[in-house]
Amino acid sequence: MTSSPSASAPLLSIRDLSTWFHTGGRSVSRAVDGVSFDVMPHETVGLVGESGCGKSVTSLSILRLIERPGRIEPGSRIDFEGRDLLSLDDRAIRAIRGNRISMIFQEPMTSLNPVFNVGDQIAEVARVHSRASRREAWERAVDMLQQVGVPAPADRAREYPHQLSGGLRQRAMIAMALMMHPALLIADEPTTALDVTIQAQILELLAELQARVGMSILLITHDLGVIAESATRVLVMYAGQIVEEAPVRTLFDAAHHPYTEGLLSAMPRLGDRRERLTVIPGTVPSPTQWPAGCRFHDRCAYAWERCRTQVPPLYQIGAGHVSRCHLAAEPARRQASGAAAGAAPAS
Amino acid sequence: MHTLTWIAAAVLTTLVCGAIARAGDGDSGSPWRIALTRLRDNHTAFAALCVIVALLIVAALAPWLAPYSPIAQPDIVKLKNLPPSLAHPFGTDFASRDVFSRALYGARVSLSVALLAIVVSASVGTAYGAIAGYVGGRIDTIMMRLIDAGLSVPRILLLIAVLALWAPVPLPVLVLLLGLTGWFGVSRVVRAQVLSLRERDMVVAARALGASDREILWRHILPNVLSPIIVSITLGIANVLIVEAGLSYLGVGVRPPSASWGNMILDGADEIASLWWISTFPGLAIVVTVMAFNLLGDGLRDALDPRQVDG
C-alpha cells in the first residue's frame, strides 16, 4: 500500500485482521481469519457474504467492540486516519466511536433505549463527544432528525422508540450515527429489517447524506441487490476470509470466484427465465474447523485435487479485481467442468 | 379537638391521590407515564396506593393529629385498660396510655424504619447486582456464591442474636441491620436483568457511539432495571414491616417506651382475651399496611411489565 502520488491514502486500512473466539477447550472459532482491505475517502464499499461468514465480526472488530471470549489476534492491524486503532487505549477508542467512525445496526428497535425519547438519545451522542450543553445538544438532535428526513422533527424528538415506525427508527439511528459527522459509517445490514419500499428510501438517504457530508460507508449485507444500488467496490467474504474483491460493475459482469458466481445466480434478476433460483449446495462450514485447502472446495462445482490441499492465495484477475481461487491459475478447468456445472440448475 | 388537622390531612391525601390520577392522563409515550396510567386504571392497586399515601401523611403529621402524647401516663390506676370510647377511640393500655395516639406514632416509627431499611437494601442490592451482572465472569460467580451463603443464614435468628447482644439498639442501627440483611433478593433480580440487558443490541449500539461503561450502566442498563427494582422495593417494604414488628414483639426491635406496632402488640399480648383492644388495633394497622404494599407491588408489577408497553 505504498502510495503512488496520484492515489489518495486510504481512510481505513485493515491488514491481516483475525478475530478468533476462544470458547474454552481446544476449539478456537476463527470467525475472521486474515482479512485485509482498504476503504478510501468518500467511497462506499460493500461487504457481502452469507450469515456466519464473519462480516459482522469484521465490522465490530474495526471499532474494537469484540467481547470475551472473542479476541483480535496479534498481528492484526487496523489503521484509520493514520492511527493504529488496535493500539489505542480505552478512552481514545471511545473518542473515535460515534465520532469519527459510527455504526448503524440491523434492528433499530432493539438498538434504541426504550425508556428515553429519541431526541434525548440523539442528543446524548453530542454530549458524550463534545461539551455541548443539554439545550444545544437537543437542538442539534432536532436538526439532525430533519436532515435525515424525519417530518415534524421537533415533535418526533419527544417520542419514544415504540411510537415510531421501523423506517423512522432507522432514520433516528442514522441521525445518531451522523451527529458528529463521522468520516466512516459502518452500516451493518441497515435495511434488512425494513419493508422493501422503506429499504430503498433508507439507501437513497444514505447516498444523499454521503454526498453531502463526504463520508465513506462500509456497507455490510447479504443482499447483492443492496450492493448493486449503493456500493462502488465490493468485497465478498466467505468462511472468515475475503474471497473476491472487485469494482461493483466487474463483480456483476465478470465475477471470478465460484462462490460469488453462486451468490449472483442465487439472486433473481429481471428477464430471468429460470423457474427456480440456483442454490449453493451445503452451508458455511463451522469456524472451529475450516476445511483444508480452499475453504469453499466442498461446495464448489469446479473443485479438483489442488483445491483440497493447497490454500489459494488472492490472485490478481484485473484492475482492482482479486480472487481467492485456483481457477485463476488454471482457467481451462472452468470450461472443462462448466458444462457439468451449468447443466445442474437447468433441470 | 384536632378536627382541623384531621380535615387538613384528609384534604392533603385527596389532593395527592388526585394528582397521581391526573398525572396518568397525559398522552405522552413515556414508558413511565404509560405505567402510571395503567396503575391508575387498576382499581385495587390505586386504592392500595391511596391507603399508603394516607398512612404516610398520618405518620408524618402524627404529633398534630394524635389527641395525647404517646408516652403520657395520665393516671396509671384510674385510666388504665379502658375499652374504646369517644375519648380513647382505641382504648388505653396497662399504663393508661392512649392506644390511638400510640398507633399514630407507631406508624411513624414502623413506616420510617421500613422505608429507610428498604432504601439501604435497595441501594446495596442494586449496586451489588449491577456490578455482578455487568462485570460477569469469575467475579460474578464469586459474588453470587456469597449471596447464596448470605441467604443460607436465617435472617430472623441472625437479627435476634445481634439485637439481643446489642441492647438497647439505637434506631439507626436497627434500620441498618434490617437493610443490610435484606438486599439479597434485590441483587439477584438486578443481576439477572443486567445480565440480559448487557447483551442487548442497545448496549452494543451505545458502545459503538462511544459511551463508556459508566454511561452504559447509568443510562442504558439501570433505567431499564428500574421496574423490577420498584416492584421489589414495594414488596420488600411489606416484608421489612413484618420483620420489624416481629422483632419488636420479641422485645429486641424498637424498645418501649417508643411505640412501634410490633411492641404495642406485645403490650397487650398477655391479656388479649379480655383487653383485646391493646393488641388488636396495632395488629390491624400492620395487616392493612402490609396488604396495601403487597397489593401496590402486584399492581406495579403488572403496570411496569415491559411486555405490555406496546399494548
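Protein chains in written order, with the numbering used here: chain A, -1 to 345; chain B, 848 to 1158.
We treat Cβ as the ideally placed atom computed from N, Cα and C, and that holds for glycine.
Predicted model, so just to flag it, every value in this text is computed and none were measured.
Check B/D1157 in the structure and name its three-state DSSP category.
-> Bear in mind that the predicted position of B/D1157 carries a pLDDT of just 45, short of 50, making it unreliable; the figure below should be weighed with that in mind. DSSP places B/D1157 in coil when its eight states are reduced to three.
What does DSSP give as the partner residues of A/R13 in its beta bridges?
-> Per the DSSP secondary-structure output, A/R13 pairs in a beta bridge with A/R75.
How is A/F19 classed by DSSP in three states: helix, strand or coil?
-> The answer is strand: DSSP assigns A/F19 an E or B state.
Report the partner residues of A/E242 according to the DSSP bridge assignment.
-> Its beta-bridge partners are A/V234, A/S321.
Check the Cβ-Cβ distances between A/T108 and every residue of chain B, and say whether any is below 9 Å.
-> Yes, its Cβ sits closer than 9 Å to a Cβ of chain B.
Is it the case that the Cβ atoms of A/V140 and A/A170 are separated by a distance below 9 Å?
-> Not in contact: A/V140 and A/A170 (Cβ atoms no closer than 9 Å).
How about the segment 1086 to 1102 of chain B and the segment 1017 to 1027 of chain B: do they share at least three Cβ pairs that are nearer than 8 Å?
-> They touch, by the three-pair rule.
Proximity test, Cβ basis, 9 Å: A/V211 and chain B = So no, A/V211 is outside the interface.
A/A93 touches chain B at which residues, Cβ-Cβ below 9 Å?
-> The contact set of A/A93 on chain B, defined by CB atoms closer than 9 Å, consists of G1057 in chain order.
Could you check if B/I994 is buried or exposed, using at least 16 other CB atoms within 10 Å of its CB as the buried criterion?
-> Classification for B/I994: buried.
Compare the C-alpha of A/V282 against each of A/L261, A/S228, A/V246, A/P266 and name the closest.
-> With distances taken between Cα atoms, A/V282 lies closest to A/L261.
Report the residue from B/P1015, B/R992, B/W1030, B/P1019 whose alpha carbon sits nearest the alpha carbon of B/R1002.
-> Taking only the C-alpha atoms, the option nearest B/R1002 is B/W1030.
Could one say the Cβ of B/G984 lies closer than 9 Å to chain A's Cβ atoms, at least one of them?
-> Cβ-Cβ to chain A under 9 Å: yes for B/G984.
Can you pull the DSSP bridge partners for A/D186?
-> Answer is A/I218.
What separation, rounded to the nearest whole angstrom, lies between the Cα atoms of A/Q314 and B/P878?
-> CA-CA distance, A/Q314 to B/P878, rounds to 56 Å.
Residues near A/L84 in its chain [Cβ-Cβ closer than 8 Å; skip 5 each side] = Only R62, I70, S74, R75, I76 meet the Cβ criterion.
Contacts around B/I1007, its chain only, beta-carbon distance under 8 Å, and the 5 residues preceding and following it disregarded = Only residues of its own chain outside the window of five on either side were considered, and among them L1094, L1097, V1099 have a CB closer than 8 Å to the CB of B/I1007, listed in chain order.
Neighbourhood of B/G1158 by C-beta distance below 6 Å, restricted to the same chain and skipping five residues each side = Here the model assigns B/G1158 a pLDDT of 39, short of 50, so the residue's position is not dependable and the matter cannot be decided.
Does the Cβ of B/V946 have 16 or more other Cβ atoms within 10 Å, making it buried, or fewer, making it exposed?
-> The residue in question, B/V946, is buried, as its Cβ has 16 or more Cβ neighbours within 10 Å.
Would you identify the three-state DSSP class for B/D940, choosing helix, strand or coil?
-> In the displayed model, B/D940 falls within coil according to three-state DSSP, outside both helix and strand.
Please say whether A/M265 and A/C51 have beta carbons closer to each other than 9 Å?
-> Not closer than 9 Å, so no.
Taking the alpha-carbon positions, what's the B/A932 to B/T939 distance?
-> The sequence as given places Ser at residue 932 of chain B; Ala does not occur at that position. For B/S932 and B/T939, the gap between their C-alpha atoms comes out near 10 Å.
Report yes if the C-beta distance between A/R297 and A/P279 is below 9 Å; otherwise report no.
-> Between A/R297 and A/P279, the gap from beta carbon to beta carbon is short of 9 Å.
Decide yes or no for the touch test of the segment 1106 to 1122 of chain B against the segment 855 to 867 of chain B: beta carbon pairs closer than 8 Å, at least 3 of them.
-> The segment 1106 to 1122 of chain B, when compared against the segment 855 to 867 of chain B, does not touch it at the 8 Å Cβ threshold.
Could you tell me which of A/E259, A/P106, A/F114, A/Q197 sits nearest to A/R332, measuring between CA atoms?
-> That would be A/E259, whose Cα lies nearest to the Cα of A/R332.
With 16 other CB atoms within 10 Å as the buried threshold, where does B/W1013 fall?
-> Exposed, because fewer than 16 other Cβ atoms sit within 10 Å of the Cβ of B/W1013.
For the 8 Å Cβ check, are there 3 or more pairs between the segment 918 to 931 of chain B and the segment 1042 to 1055 of chain B?
-> Taking a cut-off of 8 Å for Cβ pairs, the segment 918 to 931 of chain B and the segment 1042 to 1055 of chain B do not touch, as fewer than three such pairs fall below it.
With a CB to CB cut of under 6 Å and the five nearest residues on each side skipped, what residues in its chain are close to A/H44?
-> At residue 44 of chain A the sequence reads Gly, which differs from the His that was named. Non-local C-beta neighbours of A/G44 in its own chain, meaning closer than 6 Å and more than five positions away in sequence, comprise L217, I225, A229, V232, ordered along the chain.
Would the segment 107 to 115 of chain A and the segment 90 to 99 of chain A be scored as touching if the rule is three or more Cβ pairs under 8 Å?
-> Contact fails: fewer than three Cβ-Cβ distances are below 8 Å.
Mind reading off the beta-carbon distance from A/I102 to A/A185? Whole number of angstroms is fine, and I expect it under 8 Å.
-> With a beta-carbon spacing of about 5 Å, A/I102 and A/A185 fall inside the 8 Å limit used to define contacts.
With DSSP as the reference, label A/M101 as helix, strand or coil.
-> In the three-state reduction of the DSSP assignment, A/M101 falls in the strand class, which pools E and B.
Between B/G1130 and the rest of its own chain, which residues show a CB-CB distance below 6 Å, the 5 nearest in sequence each way excluded?
-> Once the five neighbours on either side are set aside, the close Cβ partners of B/G1130 are I1112.
Take A/I12 as the anchor and find which of A/D31, A/S27, A/S25 has the nearest alpha-carbon.
-> Nearest C-alpha to A/I12: A/D31.
Are the beta-carbon atoms belonging to B/D872 and B/T861 less than 9 Å from one another?
-> In this structure, B/T861 does not lie closer than 9 Å to B/D872 by Cβ.
Nearest neighbour of A/P39, chosen from A/S54, A/F78, A/T56, A/S27 [CA to CA] = Relative to the Cα of A/P39, the nearest Cα in the group A/S54, A/F78, A/T56, A/S27 belongs to A/F78.
Just the chain B side, please: which residues come within less than 9 Å of A/M101 by C-beta, in chain order?
-> Result: V1051, A1052, A1055, L1056.
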